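Heads up: the protein sequence lines correspond to chains D and X, in order.
Heads up: the first sequence at position 26 corresponds to 26 in my numbering, and the numbers run straight through without jumps.
Heads up: the second sequence at position 20 corresponds to 148 in my numbering, and the numbers run straight through without jumps.
Here the structure comes first, spelled out in structure tokens, and everything after it is commentary.
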Amino acid sequence: MTFDAILVYIAGVWLLIGAIFALVGAIGLLRFTDSMTRLHAPTKVGTVGIGALLLAAIIHASVSGDGTIHEVLIMAFLFVTAPISANFIAKVHIHRRSCETPPVPLKDPTWSTLATTDETPEQTKVEV
Amino acid sequence: MARALNWLFPHPVLTLLLTVVWTLLQNNISAGMVVFGLILGTIIPRMTAVWWPDRPRGIRAFKFLKYMLIVLWDILVANVQVAWIVLTRPNSKLRPAWVVVPLDLKQPEAITVLAGTITLTPGTVSADISSEGHSLLVHSLDTDDPDAVRDEIKSRYEARLKEIFL
């Protein structure tokens, strides 16, 4: 077996790992019941799943002769943007009160999502 | 001289980042592309400098590299743990909890990196920041001890970030 053939198999293994992680992320999204716990599985397990798929792409490209590394960029952008989208979804849940009410922060009156300019913090905690 | 350099490169880290990103986007490393990336990396920070009034004075690059490696390792380990919870733990035995993390960090950039780190390490999502920026609201997927989660975030990530951001 040549070195290239071994690399193709390694790429295949990474494809499988990535697919399994993406599948687990989807399962998590389906089976958890609470809105906040549902956020956990897809945002992160999915990130590593895609990371593994991109690694497979890099290995495969280097085998077929035109080695590329700009998949690294996709991974970098994904790792930067995934927390932000997760944060926004969480903020929406807090804002719409579709999750458990978070505890009061230690020093400040309230959380920034619940704070409004024309209401006092006490009023914002009341269910709408 | 120092002032001229400071005027030309108001944000050296951004200059370096833009150059690297441009070179990677081109997908072949040639001197011309690196030079063009450097030109872009000089012009863009210079033109956008007015929108970065309180940029951090600098970061300790070596410590930041070490921090990134630690976080990458944590992401891998914690992903397997969360995948295991997703596949094996029944909903009724799941113990989700809110965790309030008091912040010692002051710079917005440092808090952003911390919040991103918390979200990327599975099992925890940073959900909100308090109205004055003194604590972070974190949601934990499955924990029997929210205080332990808070202490781990503070000792493992925040303490390191405090040393990284000057």
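The beta-carbon is built from N, C-alpha and C at its ideal position, and this holds for glycine as well.
A quick note: this is a predicted structure, and the numbers were derived from the prediction, not measured.
Residue i in three-state terms, based on DSSP
i, result
"Ala115/D", "coil"
"Trp226/X", "strand"
"Ser158/X", "coil"
"Asp279/X", "helix"
"Thr151/X", "helix"
"Leu106/D", "coil"
"Ala243/X", "helix"
"Arg217/X", "coil"
"Pro140/X", "helix"
"Glu100/D", "coil"
"Glu286/X", "helix"
"Thr109/X", "Nothing about residue 109/X can be reported from this structure: the residues present for chain X run from 129 to 294 only."
"Trp180/X", "coil"
"Asp66/D", "coil"
"Thr170/X", "helix"
"Thr43/D", "helix"
Residue i: first and last residue of the uninterrupted beta strand (DSSP E) it sits in
i, result
"His267/X", "Ser263 to Ser268"
Per DSSP, cross-strand counterpart(s) of residue i
i, result
"Thr37/D", "Answer is none; Thr37/D lacks a bridge partner."
"Ser254/X", "Val266/X"
"Phe293/X", "Ile187/X"
Integer-rounded CB distance, given that residue j should sit under 8 Å from residue i
i, j, result
"Thr147/X", "Gly165/X", "4 Å"
"Val229/X", "Lys290/X", "Actually they do not touch by this definition, with Cβ atoms about 14 Å apart."
"Gly251/X", "Val210/X", "6 Å"
"Gly49/D", "Ala41/D", "Gly49/D to Ala41/D, Cβ: 11 Å. No contact."
"Val241/X", "Thr247/X", "About 11 Å; that fails the 8 Å criterion."
Boundaries of the alpha helix (DSSP H) in which residue i is found, first to last residue
i, result
"Phe88/D", "Glu71 to His95"
"Arg131/X", "Ala130 to Leu136"
"Leu7/D", "Phe3 to Arg31"
"Leu233/X", "Counting along the chain, Leu233/X falls outside any alpha helix (DSSP H), and DSSP gives it neither H nor E."
"Tyr60/D", "For the sequence presented, residue 60/D should be read as His rather than Tyr. Run containing His60/D: Gly46 to Val63, per the alpha helix (DSSP H) assignment."
7 Å Cβ cutoff, residue i in contact with chain C
i, result
"His70/D", "Note that chain C does not occur in the displayed structure, where the protein chains are D and X."
Exercise. Touching or not, the segment 72-79 of chain D and the segment 50-59 of chain D, by the rule of three or more beta carbon pairs under 8 Å?
Worked result: A contact exists between the segment 72-79 of chain D and the segment 50-59 of chain D.
Exercise. Would you call the segment 210-225 of chain X and the segment 266-280 of chain X touching, i.e. three or more CB-CB distances under 8 Å?
Worked result: Contact holds: three or more Cβ-Cβ distances are below 8 Å.
Exercise. Between the segment 197-204 of chain X and the segment 1-19 of chain D, do at least 3 Cβ pairs fall closer than 8 Å?
Worked result: Contact fails: fewer than three Cβ-Cβ distances are below 8 Å.
For this session: Specify whether the segment 104-111 of chain D and the segment 246-258 of chain X touch according to this definition: at least 3 beta carbon pairs, one from each stretch, less than 8 Å apart.
Result: At 8 Å Cβ cutoff, the stretches touch.
Exercise. Is the segment 86-103 of chain D close to the segment 34-43 of chain D, with three or more CB pairs under 8 Å?
Worked result: These segments touch.
Exercise. Would you say the segment 235-243 of chain X touches the segment 21-35 of chain D, given that touching needs at least three Cβ pairs under 8 Å?
Worked result: No, the segment 235-243 of chain X does not touch the segment 21-35 of chain D.
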